[in-house]
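These protein sequence lines map, in sequence, to chains A and B.
Oh and the first sequence: position 56 is 55 in numbering that gives the first Met the number 0, straight run, nothing missing.
Oh and the second sequence: position 14 is 13 in numbering that gives the first Met the number 0, straight run, nothing missing.
I have placed the structure first, in the form of structure tokens, so that the comments after it can refer back to it.
There are 2 protein chains.
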Amino acid sequence: MLRMPPPLLVSFTAGDAGAWTIDQLTPVRGETLALAARLDVLEGSGSAPAPDAVWQLRGTTSNLRYTLRKEASALAAVQEGLGRARATCAALIPIRKNDAWWALAQDERRAILEEQSRHVALGMDYLPAVARRLHHCRDIGGPFDFLTWFECAPQDASRFDDLVGALRETAEWNYVVREVDIRLSRAA
Amino acid sequence: MLRMPPPLLVSFTAGDAGAWTIDQLTPVRGETLALAARLDVLEGSGSAPAPDAVWQLRGTTSNLRYTLRKEASALAAVQEGLGRARATCAALIPIRKNDAWWALAQDERRAILEEQSRHVALGMDYLPAVARRLHHCRDIGGPFDFLTWFECAPQDASRFDDLVGALRETAEWNYVVREVDIRLSRAA
């Protein structure tokens with residue numbers, strides 16, 4: 000059986016404090032987010048709204064929504080967790096999909112995500128270099144549907160660019176109406 | 000395309016007030032909920048925690064998680080919405096599934112839910128008599144994973160008993176660790 004921790008609320012708070020320095024913030028599609036110096040990543044329900052924040056995004060980890068057993072097992076065999084000492088580079092990519100995506104049935108979304116766009120398979124090619132955690136926020140409100148957090152070593156950052164570049168060319172990305180690409184490095 | 004409204008936060012507050020009279024509250028599996036006279040059903044994010052409540056459960060509507068296009072279309076062709084004048088009976092059934100369920104991959108959960116348990120097909124047999132809305136709460140915390148709300152006319156209440164009875168005999172229900180069955184009628 001896969002290890003599957005209970006849902007974890009995670010807040011990403013941009014401002015003057017936090018363990019991550021924001022190096023670059025690029026609007027890929029739709030409205031951007033304001034620039035800030037640092038990002039604070041806080042886990043758990045104690046992460047209260049921060050009145051001084053430039054912005055704050057919150058999401059929860061969850062169960063698998065599309066991944067099949069054979070895919071989950073293949074991923075589990077090679078992927079590594081967050082917090083590796085060498086993984087001093089990170090990316091936070093908040094995404095919102097359109098109403099047409101959310102009106103699709105489960106089999107239609109799966110077909111676009113994997114059979115047409117190879118979302119899971121593409122990600123496999125970048126394991127274990129890139130570690131990843133997906134946070135859902137559509138059901139709890141807020142301006143995005145997903146917040147994906149990636150970590151890798153500096154020498155793998157260009158490979159990470161290849162991955163997000165490939166995903167942005169897929170049929171799945173036709174449903175993305177807002178995307179911001181935020182690159183970070185661990186603050187000294 | 001299916002009409003698919005955005006996620007809606009709904010709170011179910013048991014206490015002395017509300018449009019629904021609680022007629023019966025039966026623990027089916029695991030810990031029960033406390034008895035109360037009335038249930039208040041409030042939609043939208045304005046539904047603040049109620050300090051005087053006997054209990055309060057909150058969940059959000061969401062996109063389809065298992066339903067295929069052909070099933071969704073068949074359901075949409077016959078189902079009716081909440082709030083029908085003749086539907087003066089209701090049921091609220093909060094359910095929690097175990098960790099083994101949530102550790103399954105998407106195809107494994109779908110196979111148990113439909114190919115083995117015929118969850119969607121069973122429900123079809125009771126349309127349009129029984130109207131239904133599913134609220135998710137696992138990712139937002141709280142003691143249950145799902146809150147399902149049903150409405151029907153008094154003469155269809157015994158058919159509703161048949162439906163929940165059939166579901167409780169399925170393979171899917173082996174994963175249910177907590178369930179409370181609350182029956183209500185519209186307060187005069």
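The C-beta atom is built at its ideal place from N, Cα and C for all residues, glycine as well.
When only Cα atoms are considered, L121 (chain A) and T20 (chain B) end up about 53 angstroms apart. Excluding the 5 residues flanking it on each side, R28 (chain B) has same chain C-beta neighbours closer than 7 angstroms at V175, V176, R177 and E178, in chain order. If you ignore the 5 residues before and after M123 (chain A), its C-beta comes within less than 7 angstroms of the C-beta of A73 and L74, all in its own chain and listed in chain order.
Between R28 (chain B) and chain A, the shortest Cβ-Cβ separation is not below 8 angstroms.
Between G43 (chain B) and H134 (chain B), the gap from beta carbon to beta carbon reaches 8 angstroms or more.
Listed by position along chain A, the residues whose Cβ is nearer than 7 angstroms to that of R137 (chain B) are P6. DSSP, read as helix, strand or coil, puts R57 (chain B) in strand.
In the DSSP annotation of this structure, the continuous segment of the beta strand (DSSP E) that includes F145 (chain A) starts and ends at F145 to C151. Contact between P6 (chain A) and R137 (chain B) holds: their C-beta atoms lie close to 6 angstroms from each other, under 8 angstroms. Contact check for L91 (chain A) and Y125 (chain A): beta-carbon distance about 17 angstroms, past the 8 angstroms limit, so the pair fails to qualify.
Only residues of its own chain outside the window of five on either side were considered, and among them F143, D144, V176 and R177 have a CB closer than 6 angstroms to the CB of R95 (chain B), listed in chain order. Membership of G164 (chain A) in the alpha helix (DSSP H) is indicated by the continuous run A156 to L166. In the structure shown, A16 (chain B) adopts coil according to DSSP, grouped into three states.
In this structure G17 (chain B) is buried. Its beta-carbon is surrounded by 16 or more other beta-carbon atoms within 10 angstroms. Between L183 (chain B) and D22 (chain B), the CB-CB gap stays under 8 angstroms.
By the Cβ neighbour-count rule, S157 (chain B) is exposed, with fewer than 16 other Cβ atoms within 10 Å of its own. Between R131 (chain B) and chain A, the shortest Cβ-Cβ separation is not below 8 angstroms. Going by C-alpha positions, R185 (chain A) is about 24 angstroms away from V77 (chain A).
8 angstroms or more divides the Cβ of F159 (chain A) from the Cβ of R131 (chain A). L67 (chain B) and E79 (chain A) have their C-alpha atoms roughly 33 angstroms apart.
In the DSSP secondary-structure assignment, T66 (chain A) is not bridged to any residue.
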